[in-house]
Amino acid sequence: MEKTIDLEIPLLMPGVENDKDECLNRLEESFKNYKGIIRAHVERDKSPVDLCIHYDPNLLTLSDVKRLAERAGAQIINRFHHESIAVEGMDCSDCVTVIEHSVGRMDGVLSVNVNYPAEKMWIEYDSQKVNRASIEKRVRSLGYEIPVEGFRSWYKENREIVFSLTAGLLLLIGWLGETFFGLPVAIATTLYITAYIFGG
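In short: position in the sequence shown from 1, add 57, done, that's the numbering used here.
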């Protein structure tokens with residue numbers, strides 16, 4: 058007598074939101090060789106999408122099946138990455154074809170879709186064969202820009218402020234240390250010179 062369990066895809070594979078995502082097929086395929094798993098299929102008509110697993114309760118417990126599903130989902134998500142990357146410098150719709158053709162030929166890139174008006178590239182790749190840095194390098198080699206994100210982006214935009222604040226802080230430490238705490242003149246002078254360098 059077989060039993061079934063339905064597991065929500067967003068819990069097994071966070072970030073997989075499209076019911077046409079190839080990772081769902083990979084998840085189904087990953088259950089084909091498990092002893093005790095009779096059948097596994099994705100129910101795409103549900104919202105959210107579910108993975109329905111038919112199993113033999115004489116060979117596997119419910120917790121075993123859940124653990125297998127969680128492990129399979131984690132392995133797929135860790136290996137196959139889905140990224141949205143901003144691309145700047147496209148001046149015509151032909152640029153889309155150039156980027157898609159060049160990046161799509163990279164070993165490990167499974168799909169690439171560039172949107173000219175949105176200046177975005179959606180890409181799926183096998184992280185065991187290629188990484189984001191090499192994909193970005195390929196796009197840059199074609200003459201397009203990938204904007205810097207995160208701390209580097211913030212630092213690039215606010216570098217002058219950081220230098221000014223650092224100079225002010227060094228100046229304040231030197232003055233307070235020399236005036237109120239008996240900081241030796243040589244150290245205070247070093248702080249003043251460093252503040253001058255940061256201040257430009």
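Ideal Cβ positions, reconstructed from N, Cα and C, are used throughout, including at glycine.
Can you tell me which of the three DSSP states Asn172 falls into? Along the sequence shown, one-based indexing puts residue 172 at 115. In this structure, Asn172 counts as strand in the three-state DSSP scheme.
Assign Cys149 to one of three DSSP states: helix, strand, or coil. Working through the sequence shown from its first residue, we reach residue 149 at position 92. Coil.
Delimiting residues of the alpha helix (DSSP H) encompassing Asp164: Sequence index remark: in the sequence shown, residue 164 carries index 107 (1-based). Segment: none, Asp164 is in no alpha helix (DSSP H) and carries neither H nor E.
For the stretch 101-109 against the stretch 60-69, do three or more pairs of beta-carbon atoms, one drawn from each stretch, fall closer than 8 Å, so that the two count as touching? yes
List the DSSP bridge partners of Lys60. Here residue 60 is taken as the residue at index 3 of the sequence shown, counted from 1. Answer by DSSP bridge pairing, in chain order: Tyr112.
If I'm right that Gly231 touches Ala245 with Cβ under 8 Å, what's the distance once you round it to whole angstroms? Within the sequence shown, the letter at position 174 stands for residue 231. Within the sequence shown, the letter at position 188 stands for residue 245. The Cβ separation is near 4 Å, so the contact holds.
Extent of the continuous beta strand (DSSP E) run through Ile250: Numbered from its first residue, the sequence shown carries residue 250 at position 193. Where Ile250 is concerned, there is no enclosing beta strand (DSSP E), although the alpha helix (DSSP H) it sits in stretches over Val242 to Gly256.
For Met70: DSSP bridge partner residues: Walking along the sequence shown from the start, residue 70 turns up at place 13. Its beta-bridge partners do not exist; DSSP assigns none.
Is the Cβ-Cβ distance between Leu84 and Val99 less than 8 Å? Here residue 84 is taken as the residue at index 27 of the sequence shown, counted from 1. Here residue 99 is taken as the residue at index 42 of the sequence shown, counted from 1. Against a cut-off of 8 Å, the Cβ pair of Val99 and Leu84 comes out as a contact.
Span of the beta strand (DSSP E), counted from its first residue to its last, around Ile142: Locating residue 142 in the sequence shown gives position 85, counting from the first residue. Phe137 to Ala143 is the extent of the beta strand (DSSP E) around Ile142.
Can you name the start and end residues of the beta strand (DSSP E) that Lys177 belongs to? Reading the sequence shown from its first residue, position 120 is the one you call residue 177. Lys177 -> beta strand (DSSP E) spans Lys177 to Asp183.
On the DSSP letters alone, give me the boundaries of the alpha helix (DSSP H) that Val205 sits inside. Indexing the sequence shown from 1 puts residue 205 at position 148. Unbroken run through Val205: none, as it is neither H nor E.
Tell me which residue opens and which closes the beta strand (DSSP E) that Arg96 is part of. Counting from one through the sequence shown, the residue named residue 96 turns up at place 39. Where Arg96 is concerned, the enclosing beta strand (DSSP E) stretches over Ile94 to Glu100.
Per DSSP, the bridge partner or partners of Asp107: The residue labelled residue 107 in the question sits at position 50 within the sequence shown. Asp107 pairs with Glu65 and Glu100.
8 Å Cβ cutoff met for Val166 and Ile156: Reading the sequence shown from its first residue, position 109 is the one you call residue 166. Reading the sequence shown from its first residue, position 99 is the one you call residue 156. Contact: no.
So, helix, strand or coil for Phe237, using DSSP? Mapped onto the sequence shown, residue 237 falls at position 180. Helix.
Quick check on this structure: which residue in Lys177, Leu222 and Gly239 has the alpha carbon closest to the alpha carbon of Ile254? The residue you call residue 254 lines up with position 197 of the sequence shown. For the residues Lys177, Leu222 and Gly239, the minimum Cα distance to Ile254 belongs to Leu222.
Taking 8 Å as the threshold (C-beta atoms), are Val171 and Val144 in contact? Reading the sequence shown from its first residue, position 87 is the one you call residue 144. Reading the sequence shown from its first residue, position 114 is the one you call residue 171. The answer is yes: Cβ separation under 8 Å.
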